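Chain order of the listed sequences is A and B.
According to UniProt numbering, the first sequence holds residues 1 to 252 in order.
According to UniProt numbering, the second sequence holds residues 1 to 252 in order.
We treat Cβ as the ideally placed atom computed from N, Cα and C, and that holds for glycine.
Treat the numbers as computed from the prediction; the structure is a model and nothing was measured.
There are 2 protein chains.
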Amino acid sequence: MATPVLDLQTLRKGCAHCSLQQLCLPAGIGVEGLQQLDSIVRRRRPIARGETLFRTGDDLSAVYVARDGAFKTISISEDGEERVVGFHLPGELIGLDALGDERHRCDAVALTTANVCEVPFDQLADIASQVPGLQHQLLRVIGRSVGRDQDHLDMLARRQASERIALFLHGLAERFRHIGQSDAQFKLPMSREDIAHFLGLALETVSRGFTRLQEDGVIEVDGRRIAILDRVELDRLAHHPEAADARRRVSN
Amino acid sequence: MATPVLDLQTLRKGCAHCSLQQLCLPAGIGVEGLQQLDSIVRRRRPIARGETLFRTGDDLSAVYVARDGAFKTISISEDGEERVVGFHLPGELIGLDALGDERHRCDAVALTTANVCEVPFDQLADIASQVPGLQHQLLRVIGRSVGRDQDHLDMLARRQASERIALFLHGLAERFRHIGQSDAQFKLPMSREDIAHFLGLALETVSRGFTRLQEDGVIEVDGRRIAILDRVELDRLAHHPEAADARRRVSN
DNA sequence: CGGAGGTTTGAGGCCCGTCAACCTTTGTGG
DNA sequence: CCACAAAGGTTGACGGGCCTCAAACCTCCG
Numbered sequence: 001m002a003t004p005v006l007d008l009q010t011l012r013k014g015c016a017h018c019s020l021q022q023l024c025l026p027a028g029i030g031v032e033g034l035q036q037l038d039s040i041v042r043r044r045r046p047i048a049r050g051e052t053l054f055r056t057g058d059d060l061s062a063v064y065v066a067r068d069g070a071f072k073t074i075s076i077s078e079d080g081e082e083r084v085v086g087f088h089l090p091g092e093l094i095g096l097d098a099l100g101d102e103r104h105r106c107d108a109v110a111l112t113t114a115n116v117c118e119v120p121f122d123q124l125a126d127i128a129s130q131v132p133g134l135q136h137q138l139l140r141v142i143g144r145s146v147g148r149d150q151d152h153l154d155m156l157a158r159r160q161a162s163e164r165i166a167l168f169l170h171g172l173a174e175r176f177r178h179i180g181q182s183d184a185q186f187k188l189p190m191s192r193e194d195i196a197h198f199l200g201l202a203l204e205t206v207s208r209g210f211t212r213l214q215e216d217g218v219i220e221v222d223g224r225r226i227a228i229l230d231r232v233e234l235d236r237l238a239h240h241p242e243a244a245d246a247r248r249r250v251s252n
Numbered sequence: 001m002a003t004p005v006l007d008l009q010t011l012r013k014g015c016a017h018c019s020l021q022q023l024c025l026p027a028g029i030g031v032e033g034l035q036q037l038d039s040i041v042r043r044r045r046p047i048a049r050g051e052t053l054f055r056t057g058d059d060l061s062a063v064y065v066a067r068d069g070a071f072k073t074i075s076i077s078e079d080g081e082e083r084v085v086g087f088h089l090p091g092e093l094i095g096l097d098a099l100g101d102e103r104h105r106c107d108a109v110a111l112t113t114a115n116v117c118e119v120p121f122d123q124l125a126d127i128a129s130q131v132p133g134l135q136h137q138l139l140r141v142i143g144r145s146v147g148r149d150q151d152h153l154d155m156l157a158r159r160q161a162s163e164r165i166a167l168f169l170h171g172l173a174e175r176f177r178h179i180g181q182s183d184a185q186f187k188l189p190m191s192r193e194d195i196a197h198f199l200g201l202a203l204e205t206v207s208r209g210f211t212r213l214q215e216d217g218v219i220e221v222d223g224r225r226i227a228i229l230d231r232v233e234l235d236r237l238a239h240h241p242e243a244a245d246a247r248r249r250v251s252n
């Protein structure tokens, strides 16, 4: 009940005024399609850090897009271990995990306070079959999500922790750039533990990996603030592990 | 040019006579929708082992479904390492990796000789927006593919090789059962090396893992022939790693 | 028979997971 | 203002699991 005025402003603003319009579902659809889409989108009040959009087992009722903030989707294995299935930045669809059997297979948790648009799925599918461009764009957005999953697979299939970490930072920077934020310095929305559960590593290994990258002059680390100092070297570490960092030779 | 007669028979048979009908795109659509779908599906002559359906960088022109046989999708990293993005059994859509930017991001390679249906994507999208059930089923099939990717992520995030291997066999057996084949004994369509590249392990580790499972009486291994002897124990190894196999206690 | 591809097994070394201690920051309450 | 606790992060020591390298075996096929 803190800021009703802000809420009203948010409610008034539709997709047409949203800065993410070209990355999100409205991209490439006409004016009348936009109005139809707009009419079903529910703009929620701010979500607090730690709150969930849905939980494992919930019916697929809607998909979600953050306008700001960040989310993680997690699954808890039977032995109680948390695995991070994905991180979700603004403009990236959340909830597609339930497309297969109409039940969510993970929890979606806010990493920061965040504003999200909620799109009732049945109505979205209805409109998609009427508006020519929307079905196409829906498939594209789903496809980008599939692409991020494959990037994730690619990270996890690497055997060296340093490669996974370099690839993680590289991919995250690219996603920040994609939504118009700096890819040279940013604040990580997630903890070291979240990153570890995302990369299949121990959190200490993640911390050591960051420290090592800083020692090598590739990045600068200050808690969750990251600055990328040497993008070329970061790329090489991510993609060409055999080419050891020349800077390191002196100390070997 | 080996078996033109068989080809003609295959061409004559449409989705309506296909044993995979209920798992594939036609599930839940009406007769007239089925005819529309049928009219765009191209049934290819058999694909030989090692042949590709598409390669990285190719435009998205069609999606594919195997009627029999098996495929792998792979990506070659810049340092020349092959990673297996996914294995594809009959009824599972191949080619969704290109949904994001209309370019394939991996190669699809036949693991065995196989028969596939080729579905031109633009036409599929067209018909999907006309036939009410087809769009829904397309999203379901895409969703199941996303679900398999998440199962894959779940395997790769496990730190113990034995867990990944148990989970791999468990999941594969489930998929065989789903398409009406035995889940108690089956022939692996892929090599140890393929499995290693799928699980992010060295191939020797995969081989040792199989041997160990056999020593423990969980499975029987004969090259690529696998028989699951103790399903309960396999599940426990896959999901409850802390509960060490009681059979092993005697030798420890 | 010989060669290639696939699989298994052995030996050794290193990376990373585990356990632990310590530090900083944040928030709570006396 | 300080005491205290909790959460997040860093660093160190140590041991084990897995990767690497290597060799042997098998089946298949020309």
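Name the chain A residues whose beta carbon is nearer than 9 Å to that of B/Ala-125? Under the 9 Å cutoff, chain A gives Gln-135, His-136 and Leu-139.
Does the Cβ-Cβ distance between A/Leu-111 and A/Ile-179 come in under 8 Å? no
Below-8 Å beta-carbon distance, A/Arg-83 vs any chain B residue: Yes, A/Arg-83 lies at the interface with chain B (some Cβ there is under 8 Å from its Cβ).
Can you find the residues in the same chain that come closer than 8 Å, C-beta to C-beta, to A/Ile-40, ignoring five residues on each side of it along the sequence? Val-119, Pro-120, Gln-123, Leu-124 and Ile-127
Please classify B/His-240: is it buried, with 16 or more other beta-carbons within 10 angstroms of its beta-carbon, or exposed? exposed
Cβ-based neighbour list, B/Asn-83, same chain, cut-off 6 Å, excluding 5 preceding and 5 following: The residue asked about is misnamed: residue 83 of chain B is Arg in this sequence, not Asn. If we look at B/Arg-83 and ignore the five residues flanking it on each side, its Cβ neighbours are Ser-75 and His-197.
Under the rule that 16 or more other beta-carbon atoms within 10 Å means buried, what is A/Glu-215, buried or exposed? Of the residues assessed, A/Glu-215 falls on the exposed side of the cut-off, its CB having fewer than 16 other CB atoms within 10 angstroms.
On the DSSP letters alone, give me the boundaries of the beta strand (DSSP E) that B/His-88 sits inside. Taken as a continuous stretch (DSSP letters only), the beta strand (DSSP E) holding B/His-88 covers 82 to 88.
Name, please, each residue of chain B whose Cβ falls closer than 9 Å to the Cβ of A/Val-146. Ordered by position in chain B, the residues that pass the 9 Å Cβ test against A/Val-146 are Leu-96, Asp-97, Leu-99, Gly-100, Ile-142, Ser-145, Val-146 and Asp-149.
Where the alpha helix (DSSP H) containing A/Ser-129 begins and where it ends: 121 to 130
What are the boundary residues of the alpha helix (DSSP H) that A/Arg-203 is part of? The amino acid occupying residue 203 of chain A in the given sequence is Leu; Arg does not appear at that position. For A/Leu-203, the enclosing alpha helix (DSSP H) starts and ends at 203 to 215.
Where B/Gln-137 sits in the DSSP three-state scheme: helix
Any chance the segment 99 to 116 of chain B sits against the segment 41 to 57 of chain B, with 3 or more Cβ pairs inside 8 Å? yes
Roughly how many angstroms separate the alpha carbons of A/Leu-99 and A/Tyr-64, rounded to a whole number? 13 Å
Residues in the UniProt domain "HTH crp-type" (159 to 232) of chain B with C-beta within 9 Å of chain A's C-beta atoms, listed in sequence order? Arg-159, His-197, Phe-198, Leu-199, Gly-200, Leu-201 and Ala-202
For the beta strand (DSSP E) containing A/Ser-75, list its first residue and its last residue. 71 to 76
Of the residues A/Gly-200, A/Arg-175, A/Phe-168 and A/Glu-193, the one placed nearest A/Ile-219, counting alpha carbons only: A/Phe-168
Can you pull the chain B neighbours of A/His-239, defined as C-beta to C-beta under 8 Å? Ser-77, Glu-78 and Asp-79
CB B/Gly-33 to CB B/Leu-134, shorter than 8 Å? yes
8 Å Cβ cut-off: residues of chain B touching A/Leu-153: Within 8 Å Cβ-Cβ: Arg-83, Val-85, Asp-149, His-152, Leu-153 and Leu-156.
Just the Cα atoms here: how many angstroms apart are A/Ile-29 and B/Gly-86? 33 Å
For A/Arg-105, return the contacting residues in chain B, with the cut-off set at a CB-CB distance below 8 Å. Gly-147 and Gln-150
Hey, A/Val-141 and A/Leu-93 are a contact pair by Cβ (cut 8 Å); roughly how many whole angstroms apart? Right, the Cβ-Cβ distance comes to about 5 Å (below 8 Å), so this counts as a contact.
When you compare each of A/Asp-97, A/Arg-164, A/Arg-67 and A/Ile-195 to A/Ser-61 by their alpha carbons, which one comes out closest? Selected option, being the one with the closest Cα: A/Asp-97.
Should A/Ser-61 be flagged as near chain B, meaning a C-beta pair shorter than 8 Å? Output row for A/Ser-61: interface = no.
Quick check on A/Glu-92: does DSSP put it in helix, strand or coil? coil
Residue from A/Leu-156, A/Arg-43, A/Cys-106 and A/Cys-24 with nearest C-alpha to A/Phe-71: A/Cys-106
State buried or exposed for A/Pro-4, treating a residue as buried only when at least 16 other CB atoms are found within 10 Å of its CB. With a pLDDT of 45 at A/Pro-4, under the threshold of 50, the modelled position of that residue is not reliable, and the figure given next carries that caveat. By the neighbour-count rule (16 or more Cβ atoms within 10 Å), A/Pro-4 is not buried but exposed.
In whole angstroms, what separates the C-alpha of residue 254 of chain A from that of A/Arg-44? In the structure displayed, chain A extends from 1 to 252; residue 254 of chain A sits before or after that span and is not available.
Starting from B/Asp-107 and walking both ways along the beta strand (DSSP E), at which residues does that stretch end? Per DSSP, the unbroken beta strand (DSSP E) holding B/Asp-107 starts and ends at 107 to 110.
Beta strand (DSSP E) containing A/Leu-53: first to last residue? 52 to 54
Can the beta-carbon of B/Val-206 be found less than 8 Å from the beta-carbon of B/Ile-165? In this structure, B/Ile-165 lies closer than 8 Å to B/Val-206 by Cβ.
Count the other CB atoms, across all protein chains shown, that sit within 10 Å of the CB of A/Asp-194; report buried if there are 16 or more and exposed otherwise. buried
Bridge partner(s) assigned by DSSP for A/Arg-42: A/Glu-118
Burial state of B/Glu-163 (16 or more Cβ within 10 Å): With 16 or more other Cβ atoms from the protein chains shown falling within 10 Å of its own Cβ, B/Glu-163 counts as buried.
Return the chain-ordered list of same chain residues with a C-beta closer than 8 Å to the C-beta of B/Asp-149, the five sequence neighbours on each side being excluded. So the qualifying residues of the chain are Gly-86.
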